[in-house]
Every structure is written in structure tokens, then in C-alpha cells.
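All you need for our numbering is the position in the sequence shown, starting with 1, plus 115. See below for the structure under consideration.
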Amino acid sequence: MISVLRSRIVSRQTLLADSCPGNSLVCQQVFGACLLICLLLTGCGVEKESLFEEEHDLPAHWPSGLVDAATKIDQRISRLASVVGESKLATEENGSEQCESELRDLVEWIPEVAADTDLSESQWLPIYELCEVMREHLSRSDVSASDIEEDFRRLQALLVESAQLLPSLTDTPLAEEPASVLQDATESASSDIIEAPTRPGDKT
116 MISVLRSRIV
126 SRQTLLADSC
136 PGNSLVCQQV
146 FGACLLICLL
156 LTGCGVEKES
166 LFEEEHDLPA
176 HWPSGLVDAA
186 TKIDQRISRL
196 ASVVGESKLA
206 TEENGSEQCE
216 SELRDLVEWI
226 PEVAADTDLS
236 ESQWLPIYEL
246 CEVMREHLSR
256 SDVSASDIEE
266 DFRRLQALLV
276 ESAQLLPSLT
286 DTPLAEEPAS
296 VLQDATESAS
306 SDIIEAPTRP
316 GDKT
């Protein structure tokens with residue numbers, strides 16, 4: 116880039132020297148400085164526009180928040196389990212290959228998504244550490260997302276738990292949480308209910 120700018124300045128200075136024979140050195144210096152500033156400003160403008168476009172070109176499965184990330188994990192793990200249950204092989208035809216790819220993406224993105232929330236560093240760190248362990252497992256060619264389903268479920272539960280720590284989601288109804296997490300919470304609550312003893316004469 117710098118070499119191109121220099122060559123353009125030299126060519127413009129040569130043309131200017133021919134038109135300003137009496138004071139060519141001063142003219143060349145002034146013109147060269149002006150041209151360099153213009154070219155640099157133009158280059159910066161193009162770069163900013165390109166970065167702006169990249170920031171808004173997000174994939175469809177990019178999570179909008181912690182709860183959405185947990186939901187996306189739940190959907191893809193459940194779909195993967197139902198499709199790959201028999202053959203244990205992810206293929207493009209049955210859609211499991213796409214699930215695998217998107218789950219790997221989610222593991223890469225979730226620490227960044229969590230970092231954009233109001234979680235403290237100590238609250239964010241467990242999410243990051245778990246994702247790093249999962250990413251290391253998934254980097255091996257002989258490990259698939261279905262092989263570490265338990266880790267995905269742990270991450271899913273951790274995301275829902277962390278979302279409850281955020282002020283804007285403190286009162287989020289359980290109905291908005293992923294189905295598997297909701298089921299676990301319901302079963303836990305049911306096991307804690309103790310029925311009152313029935314007295315003689317009470318109507319059943």
C-alpha cells in the first residue's frame with residue numbers, strides 16, 4: 116500500500132516539476148503532502164465501510180444472548196441425537212453435519228456473547244473455561260459434538276444460570292428457558308412437595 120502511494124506521488128511530482136520550472140522543489144513538496152493526505156483519508160474511509168459491513172453480516176445461528184445460546188444448543192443437540200442415534204455418523208443428507216458445524220460455531224462464539232453482557236469477570240470465567248475445554252475436544256478429528264453431549268448440556272445449564280444473574284433477565288419466566296432445563300427444574304420442584312396427611316372425615 117505504501118509503495119503504491121509513493122509511486123503515485125512521484126509520478127504527480129514529475130508532472131508538476133514540468134509545469135513549475137522556476138520553483139519546482141517547493142511545488143513538489145506542497146503537492147506531494149496534499150496528495151498523501153488525500154490518499155490516506157480515502158483509504159481509511161474504505162476500510163471503515165468494509166468493517167461496518169462485516170459487523171452486520173452475522174450468521175443466522177449467531178446467538179442474541181445467553182438464553183438464546185442455550186436454546187440453540189438444546190435444539191441442535193436434540194436434533195443431532197434423533198438423527199445420529201442409529202448410524203452414529205454425521206452426514207450432509209440427514210442434516211446432522213450442519214448441526215455439528217453450528218454447535219462448533221456456538222462453542223467459539225459463546226464466550227464473546229457472554230463478554231458483551233453485564234456479567235462480572237468471575238461470572239464469565241466458568242463459561243469461557245468450559246468452552247475452551249469443549250473447543251479443544253472438538254478440534255480433534257475423532258471427536259464429534261454428539262460425543263460430548265454431556266458437556267453441551269452443562270454449558271446449556273450454565274448459560275441459563277448465568278442469564279438469571281443479569282438484571283434484565285432476573286424475572287424471566289421458566290417457560291422461556293430451553294425445554295430440557297425446564298423439565299429438570301419441574302422434576303426437582305415436584306420431588307420437594309410433601310403432601311399433607313389426610314384426616315378422617317376429610318373429603319378426597
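For every residue, glycine included, the Cβ atom is placed at its ideal position computed from N, Cα and C.
Euclidean distance between Cα positions of Pro178 and Val275: The residue given as residue 178 occupies position 63 in the sequence shown. The residue given as residue 275 occupies position 160 in the sequence shown. Here the alpha carbon of Pro178 sits roughly 13 Å from the alpha carbon of Val275.
Alpha carbon to alpha carbon, how far is Met249 from Ser259? Give it in angstroms, no decimals. Position 144 of the sequence shown, counted from the first residue, corresponds to residue 259. Position 134 of the sequence shown, counted from the first residue, corresponds to residue 249. The alpha-carbon separation between Ser259 and Met249 amounts to approximately 10 Å.
Tell me which residue opens and which closes the alpha helix (DSSP H) that Pro174 is part of. Working through the sequence shown from its first residue, we reach residue 174 at position 59. It is not in any alpha helix (DSSP H) - Pro174 carries neither H nor E in the DSSP assignment.
TODO: List in chain order: all unbroken alpha helix (DSSP H) runs of 4+ residues lying wholly within the region 200-253.
DONE: Here the runs fully enclosed are 211-230 and 236-253.
- [ ] Counting only the same chain and skipping the five closest in sequence on each side, list residues whose C-beta sits under 6 Å from that of Arg269.
- [x] For the purposes of this step, residue 269 is taken as the residue at position 154 of the sequence shown. Taken in chain order, the list of residues that qualify is empty.
So what does DSSP say about Gln190, is it helix, strand or coil? In the sequence shown, residue 190 corresponds to position 75, counting from 1. In this structure, Gln190 counts as helix in the three-state DSSP scheme.
On the DSSP letters alone, give me the boundaries of the alpha helix (DSSP H) that Leu273 sits inside. As a working mapping, residue 273 is identified with position 158 in the sequence shown. Looking at the DSSP string, the run of the alpha helix (DSSP H) that includes Leu273 is Glu264 to Ala278.
Next on the checklist: Suppose contacts are defined by Cβ-Cβ distances below 7 Å. Is Ala185 in contact with Gln271 by that definition?
Outcome noted: On the sequence shown, position 70 is the one that residue 185 refers to. On the sequence shown, position 156 is the one that residue 271 refers to. Yes, the Cβ-Cβ distance between Ala185 and Gln271 is below 7 Å.
Top-ranked residue by Cα proximity to Asp213, from Ser277, Glu223, Leu245 and Arg194 = Walking along the sequence shown from the start, residue 213 turns up at place 98. In the sequence on display, residue 213 carries Gln and not Asp. Selected option, being the one with the closest Cα: Arg194.
message: Using a Cβ-Cβ cutoff of less than 8 Å, which residues in the same chain neighbour Lys187 once the five nearest sequence positions on both sides are dropped?
response: Counting from one through the sequence shown, the residue named residue 187 turns up at place 72. Taking C-beta separations shorter than 8 Å and ignoring five residues to either side along the sequence, the partners of Lys187 in its chain run His176, Pro178, Glu217 and Leu221, following chain order.
Checklist entry - Where does Ala229 land, buried or exposed, given buried means 16+ other C-beta within 10 angstroms? => result Reading the sequence shown from its first residue, position 114 is the one you call residue 229. By the Cβ-count criterion, Ala229 is buried, with 16 or more other Cβ atoms from all chains shown falling within 10 Å of its own Cβ.
Length of the line joining the Cα atoms of Thr232 and Trp224: Residue mapping note: residue 232 aligns to position 117 of the sequence shown, counting from 1. Residue mapping note: residue 224 aligns to position 109 of the sequence shown, counting from 1. Thr232 and Trp224: Cα-Cα distance of roughly 13 Å.
For Pro282 and Leu273, the rounded distance between their alpha carbons = On the sequence shown, position 158 is the one that residue 273 refers to. On the sequence shown, position 167 is the one that residue 282 refers to. Leu273 and Pro282: Cα-Cα distance of roughly 17 Å.
Exercise. Reducing DSSP to helix, strand and coil, say where Ser179 ends up.
Key: Position 64 of the sequence shown, counting from 1, holds the residue named residue 179. The answer is coil: DSSP assigns Ser179 none of H, G, I, E or B.
| Coarse secondary structure for Leu198, derived from DSSP in three states | Here residue 198 refers to the residue found at position 83 when the sequence shown is read from its first residue. In the sequence as presented, Leu is not what sits at residue 198; that position holds Val. Val198 falls in the helix class under three-state DSSP.
Among the candidates Gln190, Glu251 and Leu181, whose CA atom is the shortest distance from the CA of Gly210?
Numbered from its first residue, the sequence shown carries residue 210 at position 95. Minimum Cα distance to Gly210 is reached at Gln190.
* Determine the DSSP secondary structure at Ser259, reduced to helix, strand or coil. => As a working note, residue 259 is residue 144 in the sequence shown. Correct three-state label for Ser259: coil.
- Task: Look at the alpha carbon of Ser277 and the alpha carbon of Ser197, and state the distance between them as a whole number of angstroms.
- Result: Along the sequence shown, one-based indexing puts residue 277 at 162. Along the sequence shown, one-based indexing puts residue 197 at 82. Taking the straight line from one Cα to the other gives about 28 Å.
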